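Take a look at the structure below.
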DNA sequence: TAGGCCATGTAACCGGTTACATGATTAG
DNA sequence: CTAATCATGTAACCGGTTACATGGCCTA
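As structure tokens, this is what we get:
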């Protein structure tokens, strides 16, 4: 999924400036699909405007810098819908934590405990965030995907809470060997 | 997580040629952490060898091209363990499907049904694959992460099977409008 | 008065992919 | 005879990030 489509997707929900798009993709609902940086957003927005997919208007603000708010055009909306119709690529999932866990017997119990606890906290934060999104937005499709998120992340957290100790035990068995390597 | 660490991680489990590393990262257990291409593997292997992290030996094979099998060195192993001790980055998850689902009301029921069914099939394949991995390998930490995978992916599939129709209904409501846009 | 937020934008860089070159062997 | 699998490697390209430039306002 390229940046263009994502920006079109965000603008399809509401008008936004480059700065607001960044926030949406970092803190908003879209953070589960993307995380794009200013270095991509601004040039893409210009390109999109040149192609007639979006149009921007300067907006003066009191006490804040001016901002350029973009809206999606009918052409852009059609383009976005066309992209949506194409079969989506399989989910991408990458976890450094899982690699550490798979190598639990190479490291110290402490390393694993830190990694484990960090991940549990992150998962709890994610769940809290999804719950926030759910409250804020009554849009049915958004409700559906937040239900999904809550279900899956709940199962995830559940596993970690009940199986924390068994992974710790794997690390513990070789803690002396790992210590010797330091 | 960079390619270097991943290759070190794979070689820590067993010696392998560039070709075999690619297979591990595409079809093996490591596919859930990475997917690296030849264009990265071979240069990285050379670099790693120059740094003394791995060493390769030419191996002649009957009826097949020669291959260069790499092993991790003690220096490489120490380096890998050091990387493991650093707090792992949060999991990365990106789903094109979720974007399509979130925009269900913009597309046709057919588009959503295709996307939904494709994802269910992919999830079933993933679960079957993890079960394979579980059978093949008795390494405790690997057993732990495959248990995790089975738990989470099971919950995922479960949600999709029970909530398939409700997403379909969201798409259906606006199917005529979406058709007009084609 | 320092730091954080608002706000836009560019240039350099980089990690990684795609596509190609090469070639033997085996299975259908 | 064709396609797939085994096997290594490079050059061109590209999508995206990092770091920087710029500057006003508000809060602690």
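Residue numbers (the working numbering), protein chains in the order written: chain A, 245 to 426; chain B, 245 to 426.
The beta-carbon is built from N, C-alpha and C at its ideal position, and this holds for glycine as well.
Note that this is a predicted model, so its numbers are computed, not measured.
> chain B partners of residue 336(A), CB-CB under 8 Å?
Replying inline: 336, 337, 338, 339
>> Cβ closer than 7 Å: which chain B residues qualify as neighbours of residue 319(A)?
In response: None at all; the shortest Cβ gap to chain B is about 11 Å.
> Between residue 388(B) and residue 348(B), what straight-line distance do the alpha-carbon atoms span, to the nearest angstrom?
Replying inline: 36 Å
> Going straight from the alpha carbon of residue 476(A) to that of residue 386(A), what length do you get?
Replying inline: Because chain A in this structure spans residues 245 to 426, residue 476(A) falls outside the shown range and cannot be described.
> Listed in chain order, which residues of the stretch 338-364 of chain B have Cβ atoms closer than 8 Å to some Cβ of chain A?
Replying inline: Within the stretch 338-364 of chain B, contact with chain A at the beta-carbon level (separation under 8 Å) is assigned to 338, 339, 340, 341, 342, 343, 344, 345, 346, 347, 348, 349, 350, 351, 352, 355, 358, 359, 362, 363.
> By a C-beta neighbour count over all protein chains shown, 10 Å radius and 16 as the cutoff for buried, is residue 277(A) buried or exposed?
Replying inline: Looking at its Cβ environment, which holds 16 or more other Cβ atoms inside 10 Å, residue 277(A) is buried.
> In whole angstroms, what separates the C-alpha of residue 410(B) from that of residue 257(A)?
Replying inline: Going from the Cα of residue 410(B) to the Cα of residue 257(A) covers about 21 Å.
>> Helix, strand or coil, according to DSSP, for residue 265(B) in the structure here?
In response: helix
>> Let me check understanding here. Comparing Cα to Cα, which of 295(A), 360(A), 269(A), 355(A) lies closest to residue 400(A)?
In response: 360(A)
> Should residue 339(B) be labelled buried (16 or more other beta-carbon atoms within 10 Å of its own) or exposed?
Replying inline: buried
> Can you find at least 3 beta carbon pairs, one from the stretch 290-301 of chain B and one from the stretch 317-327 of chain B, that sit closer than 8 Å?
Replying inline: yes
> Secondary structure at residue 300(A), three-state DSSP: helix, strand or coil?
Replying inline: In the structure shown, residue 300(A) sits in a strand (DSSP, three-state: E or B).
> Is the CB of residue 200(A) under 7 Å away from at least one CB in chain B?
Replying inline: Here chain A covers residues 245 to 426 and nothing more, so residue 200(A) does not appear.
>> I need the boundaries of the alpha helix (DSSP H) containing residue 278(A), first residue and last residue.
In response: It is not in any alpha helix (DSSP H) - residue 278(A) carries neither H nor E in the DSSP assignment.
> How long is the line joining the alpha carbons of residue 403(B) and residue 290(B), rounded to whole angstroms?
Replying inline: 45 Å
>> By the DSSP assignment, the alpha helix (DSSP H) with residue 308(B) in it spans what residues?
In response: It is not in any alpha helix (DSSP H) - residue 308(B) carries neither H nor E in the DSSP assignment.
> How would you list, in chain order, the residues of chain B whose beta-carbon sits under 7 Å from the beta-carbon of residue 389(A)?
Replying inline: In chain order: 342, 345, 346.
>> Which same chain residues end up closer than 7 Å to residue 390(A) when comparing Cβ atoms and leaving out the 5 residues on each side of it in sequence?
In response: 374, 377, 378
> What number of angstroms, rounded off, separates the C-alpha of residue 261(B) from the C-alpha of residue 346(A)?
Replying inline: 21 Å
> Taking three-plus beta-carbon pairs below 8 Å as touching, is the stretch 327-335 of chain A in contact with the stretch 350-369 of chain B?
Replying inline: yes
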